[in-house]
Amino acid sequence: MANRLLLVKADGSVSVHSDDRAYKPLNWMTPPCWLIEEPGMWVVQNKAGEKIAITIEEIHHDSRHELGAEPGLIKDGVEAHLQELLAEHITTLGDGYTLVRREYPTAIGPVDILCRDAAGSSVAVEIKRRGDIDGVEQLTRYLELLNRDPLLSPVTGVFAAQLIRPQAKVLAEDRGIRCVTLDYDTLRGIESDEFRLF
Amino acid sequence: MKIRVERDGLADAVAWVARSLPSRPPVPVLGGVLLDAGATDGSEGLTVSGFDYEVSATVGVPATVADGGRTLVSGRLLADITKSLPAQPVEISVDGSRVAIACGSAKFSLPTMPVEDYPQLPAMPQHAGELAGEVFGQAVSQVAVAAGKDDTLPMLTGVRVEMTGEKLTLVATDRFRLAMREFEWKPSGDVEDAAVLVPARTLADAAKALGSAGRSVELALSPTDGLLGLSGSGRRTTSRLLDAEFPRYRQLLPSEQTSSAIIGVAPLVEAIKRVSLVADRGTQVRLEFADGVLRLSAGGDDEGSAEEELPVEFTGEPVMIAFNPGYLQDGLAALHADRAELSFTTPNRPALIKPVNADGEVTPGYLYLLMPVRLPG
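First to last, the protein sequences are chains A and B. So the first sequence is numbered by this note's numbering: it starts at 1 and just counts up by one. So the second sequence is numbered by this note's numbering: it starts at 1 and just counts up by one.
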């Protein structure tokens with residue numbers, strides 16, 4: 001039998017982890033579900049009658065910790081930060097750019113940033129930490145919708161990310177969407193302490 | 001279309017054109033090479049060309065044309081096929097929507113793509129002047145090494161080409177180093193003095209292909225259309241210019257120096273390679289110049305360390321300065337000289353590297369400006 005980590009959380013969820021695939025369990029059940037302990041075996045069951053049977057041969061370690069009420073985690077360098085920073089420094093996209101607003105609402109969800117270029121035409125910006133094809137598709141949907149609005153049209157797109165995958169770049173450029181690579185440190189105003197010629 | 005062509009000429013032509021094709025063409029036809037027999041431009045033989053809206057490449061190949069025509073086939077596949085064909089004449093014929101390639105007893109049949117969907121290749125811009133192939137090839141390779149590879153800042157990925165009367169200046173920089181080459185050329189007088197920015201990778205590729213010894217390279221330019229053309233040895237290529245402002249670089253060149261060293265390039269490069277083995281991810285190699293001796297060192301107390309001494313002709317104040325070993329080697333290799341002059345002001349100001357001839361004199365026309373890295377502590 002293999003060594004496994006069994007995680008039973010206060011929310012009732014049960015998950016089975018191994019040493020690989022980071023946060024992703026091998027198998028799991030989300031609450032509401034019930035854990036029935038039998039000798040050498042756990043059975044996790046939910047309302048639909050689905051079951052996970054876990055056979056336990058040997059217990060290496062068994063401990064219980066209360067994590068208490070969740071105060072909320074504040075992450076640094078996430079998409080929201082990039083959005084905030086880019087909105088503050090909208091001219092990163094080009095001279096004369098002005099911000100319309102962040103989280104510009106559309107019928108299918110908010111666009112990260114709507115701004116205007118130097119000539120005054122609308123530009124929708126999708127921000128990602130890692131720029132994949134999915135992000136380009138998302139921006140394409142927003143652009144299609146925004147372009148139906150006679151007050152905004154024509155709307156062009158900018159796909160901004162800290163790293164843009166080559167496939168995403170090809171797709172974006174083929175659809176007339178400009179790709180911009182964002183440098184988090186530069187946006188935050190942290191100058192590199194490397195010596196440079198200029 | 002039905003033609004007969006020599007294998008070597010065909011393979012070279014297709015390989016060169018296919019090299020500039022995009023690896024992930026957004027439109028499949030852009031991944032094709034256009035074969036044009038009994039060409040429309042009036043020349044006999046076969047014309048092989050490719051275009052991806054940025055770069056175009058065209059090359060003529062002598063061929064016996066039984067039946068003229070045009071066809072479009074996958075560039076990568078055709079390049080792989082022609083490269084591996086036996087050394088015998090190649091027959092290419094188009095039948096319906098397929099093209100047949102026969103060489104010796106080997107036969108290939110490839111699907112073709114619609115020629116009508118292929119974009120019109122840009123015409124060659126106005127002839128601006130010409131220069132010797134080997135001079136151009138060497139100059140571009142000496143300068144393009146300093147261009148940036150990261151396209152976050154487009155201006156740094158280009159080589160600036162300045163045409164000022166009989167003088168041609170090439171410059172590139174990635175903010176850590178700057179390479180500049182100046183030389184004479186023969187302007188045609190039809191194009192006014194201009195300064196343009198050409199994508200470094202495209203220019204380096206073109207210069208390598210056209211810059212063979214004994215041939216001349218023709219430069220054509222249309223700053224208004226944003227197009228540069230290069231031709232020679234039966235090959236023509238055009239590239240779109242970068243629309244970006246190049247930094248004002250002349251003010252970066254140091255006007256004074258406090259010390260300078262003359263040293264053999266090959267022993268220095270060897271020594272840098274050796275000591276930088278202990279420099280974690282090529283961080284830095286330290287150079288300590290004193291009277292007659294250069295001491296190179298890398299690494300530190302916590303990790304491995306290495307040092308080596310070399311004889312040097314040194315004048316001025318002793319100096320201790322550190323560089324990125326990769327950038328330093330790039331600069332030394334780009335000199336194309338047996339000896340180099342390194343001149344310094346302070347350990348946090350840029351150093352200047354220039355080629356030195358057999359008489360111990362600095363050869364004018366080339367310089368490599370290199371920013372040092374911060375010394376520990």
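We put the CB at the ideal spot given by N, CA and C, even for glycine. Quick caveat: nothing in here was measured; it's all calculated off a predicted structure.
{"Check": "Anyone know if the C-beta pair for valine 285 (chain B) and proline 325 (chain B) falls short of 7 Å?", "Outcome": "yes"}
{"Check": "Which chain A residues sit within Cβ distance under 9 Å of phenylalanine 176 (chain B)?", "Outcome": "Glu194, Phe195, Arg196 and Leu197"}
{"Check": "Check whether the segment 148–165 of chain B touches the segment 347–361 of chain B, taking contact to mean three or more Cβ pairs, one atom from each stretch, closer than 8 Å.", "Outcome": "no"}
{"Check": "Would you say methionine 124 (chain B) lies against chain A (beta-carbon separation less than 7 Å)?", "Outcome": "no"}
{"Check": "Give me, in chain order, the residues of the same chain whose beta-carbon lies closer than 8 Å to that of glutamine 138 (chain B); leave out the 5 immediate sequence neighbours on both sides.", "Outcome": "Gly211 and His336"}
{"Check": "Leaving out the 5 sequence neighbours to the left and right, which residues in its chain are closer than 7 Å to aspartate 330 (chain B) when beta-carbon positions are compared?", "Outcome": "Val145"}
{"Check": "With 7 Å as the threshold, decide whether the Cβ of leucine 253 (chain B) is near any Cβ in chain A.", "Outcome": "no"}
{"Check": "What in chain B is Cβ-close to valine 170 (chain A), meaning under 7 Å?", "Outcome": "Arg24 and Pro26"}
{"Check": "Have a look at alanine 87 (chain B) and histidine 127 (chain B) and give me their C-alpha separation to the nearest angstrom.", "Outcome": "37 Å"}
{"Check": "Mind checking valine 290 (chain B): buried by the 16 CB within 10 Å criterion, or exposed?", "Outcome": "Here residue 290 (chain B) is alanine; the residue named in the question, valine, does not match the sequence. Exposed is the call here."}
{"Check": "Which one of A:Ile133, A:Leu35, A:Asn27 and A:Ile127 has the shortest CA to CA distance from glutamate 103 (chain A)?", "Outcome": "A:Ile127"}
{"Check": "Threshold first: 3 residues or longer. Then list the beta strand (DSSP E) segments lying entirely within the segment 109–166 of chain B, N to C.", "Outcome": "127–132 and 158–164"}
{"Check": "Throw me the rounded Cβ distance for the leucine 35 (chain A) and valine 8 (chain A) pair, which I believe falls under 8 Å.", "Outcome": "6 Å"}
{"Check": "Can you give me the Cβ contacts of glutamate 79 (chain A) inside the same chain, cut-off strictly under 7 Å, excluding the 5 residues immediately before and after it?", "Outcome": "Ile127, Lys128 and Arg129"}
{"Check": "Just to check my reading of the structure: arginine 235 (chain B) and alanine 209 (chain B) have Cβ atoms closer than 8 Å, yes? What is that Cβ distance to the nearest angstrom?", "Outcome": "6 Å"}
{"Check": "Beta carbons nearer than 8 Å to chain A: which residues of the segment 361–375 of chain B have them?", "Outcome": "Leu369, Met371, Pro372, Val373 and Arg374"}
{"Check": "With three or more C-beta pairs closer than 8 Å as the rule, is the segment 287–305 of chain B touching the segment 314–322 of chain B?", "Outcome": "yes"}
{"Check": "Could you check if alanine 118 (chain A) is buried or exposed, using at least 16 other CB atoms within 10 Å of its CB as the buried criterion?", "Outcome": "exposed"}
{"Check": "Given that threonine 157 (chain B) touches chain D, what residues does it touch there, using C-beta distances under 8 Å?", "Outcome": "Of the protein chains in this structure, namely A and B, none is chain D."}
{"Check": "According to the Cβ coordinates, are arginine 70 (chain B) and alanine 18 (chain B) closer than 7 Å?", "Outcome": "no"}
{"Check": "Does alanine 341 (chain B) pass the burial test, meaning 16 or more other C-beta atoms within 10 Å, or should it be called exposed?", "Outcome": "A small fix is needed here, since residue 341 (chain B) is glutamate in this sequence, not alanine. It counts as buried."}
{"Check": "Could you tell me which whole alpha helix (DSSP H) segments of length 4 or greater appear in the segment 173–257 of chain B?", "Outcome": "200–210"}
{"Check": "According to DSSP, simplified to helix, strand and coil, what is arginine 19 (chain B)?", "Outcome": "helix"}
{"Check": "Pick from B:Ala271, B:Val319, B:Pro318 and B:Arg281: whose alpha carbon is nearest that of serine 297 (chain B)?", "Outcome": "B:Ala271"}
{"Check": "Looking only at its chain, what residues have a beta carbon closer than 8 Å to the beta carbon of arginine 349 (chain B), apart from the 5 residues adjacent to it on each side?", "Outcome": "Pro254 and Pro372"}
{"Check": "Could you tell me which whole beta strand (DSSP E) segments of length 3 or greater appear in the segment 33–118 of chain B?", "Outcome": "46–51, 55–61, 63–67, 69–74, 90–95, 98–103 and 106–111"}
{"Check": "Output the distance between the C-alpha atoms of aspartate 199 (chain A) and proline 105 (chain A), rounded to the nearest integer angstrom.", "Outcome": "Because chain A spans 1 through 198 in this model, residue 199 (chain A) falls outside it and cannot be assessed."}
{"Check": "Measure the alpha-carbon distance for leucine 151 (chain A) versus valine 123 (chain A) and round it to whole angstroms.", "Outcome": "13 Å"}
{"Check": "DSSP has leucine 335 (chain B) in a bridge; who is on the other side?", "Outcome": "Beta-bridge pairing links leucine 335 (chain B) to no other residue."}
{"Check": "Measuring CB to CB, does arginine 181 (chain B) end up less than 7 Å from leucine 170 (chain B)?", "Outcome": "yes"}
{"Check": "Cβ closer than 9 Å: which chain A residues qualify as neighbours of threonine 202 (chain B)?", "Outcome": "Within 9 Å Cβ-Cβ: nothing; threonine 202 (chain B) doesn't reach chain A, min ~17 Å."}
{"Check": "Indicate whether methionine 113 (chain B) and valine 48 (chain B) have their beta-carbon atoms separated by less than 7 Å.", "Outcome": "no"}
{"Check": "What did DSSP end up calling alanine 284 (chain A) once you bin it into helix, strand or coil?", "Outcome": "Limits of chain A in this structure are 1 at one end and 198 at the other, which puts residue 284 (chain A) out of reach."}
{"Check": "Do we get a CB-CB distance below 7 Å when we pair leucine 247 (chain B) with the residues of chain A?", "Outcome": "The sequence given here places proline at residue 247 (chain B); leucine does not occur at that position. Closer than 7 Å: yes."}
{"Check": "DSSP state of alanine 322 (chain B), grouped into three classes?", "Outcome": "strand"}
{"Check": "Evaluate the contact criterion for the segment 188–199 of chain B versus the segment 90–107 of chain B: three or more CB pairs, one atom per stretch, below 8 Å.", "Outcome": "no"}
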